[in-house]
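Chemist:
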Amino acid sequence: MITDSRELDWELFECSEKLKLTSLMLTGVANSKKKGINLEKLVSNMPRINSLLFDGHFCKFLEPGEAISERPITKMENLNSLSFEGVEFHDLVQIQYVLCLIGSSPSMQYLLIEQGPKVKSLDGMEEFLSIEPFLQSPNSIDMILYHLRTVEIRCIVGSRAELQFIQFLLASSPSLRRLTFTYDTSISDPREKLRITLKIKQFCSASTAAQVVWK
């Protein structure tokens with residue numbers, strides 16, 4: 001687990017074949033070599049990984065355009081739990097990486113996404129930000145998350161990108177049992193909460209047993 005370090009030597013992960021749990025919370029971490037990390041190489045060096053936790057800053061260390069490629073990365077066949085903290089749905093590059101890692105986790109049973117603080121400069125712009133082009137990419141359009149049973153999405157604000165992502169998960173997860181949401185603290189108006197709730201209830205689910213829970 002790496003949570004705080006002035007510098008991080010990514011060569012450590014070249015000998016990580018036995019790792020089963022990895023947590024990379026990279027806020028404040030520096031990349032002294034100024035060299036992007038190849039996502040394919042990082043994943044392929046952890047064949048036994050069972051649980052992964054990243055924060056939003058992790059994406060800043062990856063090679064530019066790495067997730068844009070239509071070539072799928074190595075599958076993490078043993079991964080059961082995938083968590084992201086501090087994700088920013090207005091950052092379309094971050095969302096590409098999130099989708100890329102989800103698609104590379106065919107055995108995943110648990111998914112957690114916790115959003116970072118809302119950016120005030122984006123007030124009123126969330127409704128225009130769309131991740132639809134990424135959801136229609138060859139790697140996403142045929143994605144079926146056969147083993148995904150539990151999803152938690154924290155601090156939602158009801159943005160267009162959020163709702164598109166939730167709709168995608170519901171349509172792609174035939175074994176889903178529980179989808180849990182918590183609102184961001186900025187969402188206090190009961191009418192706005194109702195709007196978000198009704199919108200999500202309209203989405204089609206691939207699982208007939210899925211329960212949507214609000215906390």
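Using UniProt numbering, the letters of the sequence shown correspond one by one to residues 1 to 215. All C-beta atoms in this analysis are idealised placements derived from N, C-alpha and C, irrespective of residue type, glycine included.
Quick one: give me the first and last residue of the beta strand (DSSP E) that E152 is part of.
Modeler: Position 152 of the sequence shown holds residue 152. Start and end: 150-156.
Chemist: Just the C-alpha distance for I156 and S186, rounded to the nearest angstrom, thanks.
Modeler: Here residue 156 refers to the residue found at position 156 of the sequence shown. Here residue 186 refers to the residue found at position 186 of the sequence shown. In a straight line, the C-alpha of I156 is about 9 Å away from that of S186.
Chemist: Could you name the residues that DSSP lists as bridge partners for S173?
Modeler: Position 173 of the sequence shown, counted from the start, is the residue given in the question as residue 173. None; S173 has no bridge partner.
Chemist: Consult DSSP for L145 and reduce its assignment to one of helix, strand or coil.
Modeler: Counting from 1 along the sequence shown, the entry for residue 145 is found at position 145. The answer is coil: DSSP assigns L145 none of H, G, I, E or B.
Chemist: My understanding is that F165 touches I131, with C-beta atoms under 8 Å, so please give their C-beta distance in whole angstroms.
Modeler: Taking the first residue of the sequence shown as position 1, residue 165 is located at position 165. Taking the first residue of the sequence shown as position 1, residue 131 is located at position 131. About 6 Å separates the two Cβ atoms, so the contact holds.
Chemist: For a quick check, are the C-beta atoms of I95 and F134 less than 8 Å apart?
Modeler: As a first step, residue 95 is located in the sequence shown; it is residue number 95 there, counting from the start. As a first step, residue 134 is located in the sequence shown; it is residue number 134 there, counting from the start. Taking 8 Å as the Cβ cut-off, I95 and F134 qualify as a contacting pair.
Chemist: Label I102 either buried or exposed according to how many other C-beta atoms from any shown protein chain fall within 10 Å of its C-beta, with 16 as the threshold for buried.
Modeler: Locating residue 102 in the sequence shown gives position 102, where the first residue counts as 1. Per the 10 Å Cβ criterion, buried.
Chemist: Return the CA-CA distance between K193 and W214, expressed in angstroms with no decimal places.
Modeler: Numbered from 1 along the sequence shown, position 193 holds the residue referred to as residue 193. Numbered from 1 along the sequence shown, position 214 holds the residue referred to as residue 214. Spanning the two alpha carbons is a distance of roughly 10 Å.
Chemist: According to DSSP, which residues form a beta bridge with Y110?
Modeler: Your numbering for residue 110 matches position 110 in the sequence shown. Bridge partners of Y110: S81, T150.
Chemist: What's the call for I200, buried or exposed, on a 16-neighbour Cβ count within 10 Å?
Modeler: Here residue 200 is taken as the residue at index 200 of the sequence shown, counted from 1. Classification of I200: buried, given that the 10 Å Cβ count is 16 or more.
Chemist: Quick check: the Cα distance between F203 and L170, rounded to an integer number of angstroms?
Modeler: Along the sequence shown, one-based indexing puts residue 203 at 203. Along the sequence shown, one-based indexing puts residue 170 at 170. If I take the Cα positions, the gap works out to 7 Å.
Chemist: Pick out whichever of F84, P106, T22, R48 has its Cα sitting closest to the Cα of E152.
Modeler: As a first step, residue 152 is located in the sequence shown; it is residue number 152 there, counting from the start. Here the closest residue by C-alpha is F84.
Chemist: Quick one: which unbroken beta strand (DSSP E) runs of 3-plus residues sit fully inside the segment 179-209? Chain order, please.
Modeler: Here no run is fully enclosed.
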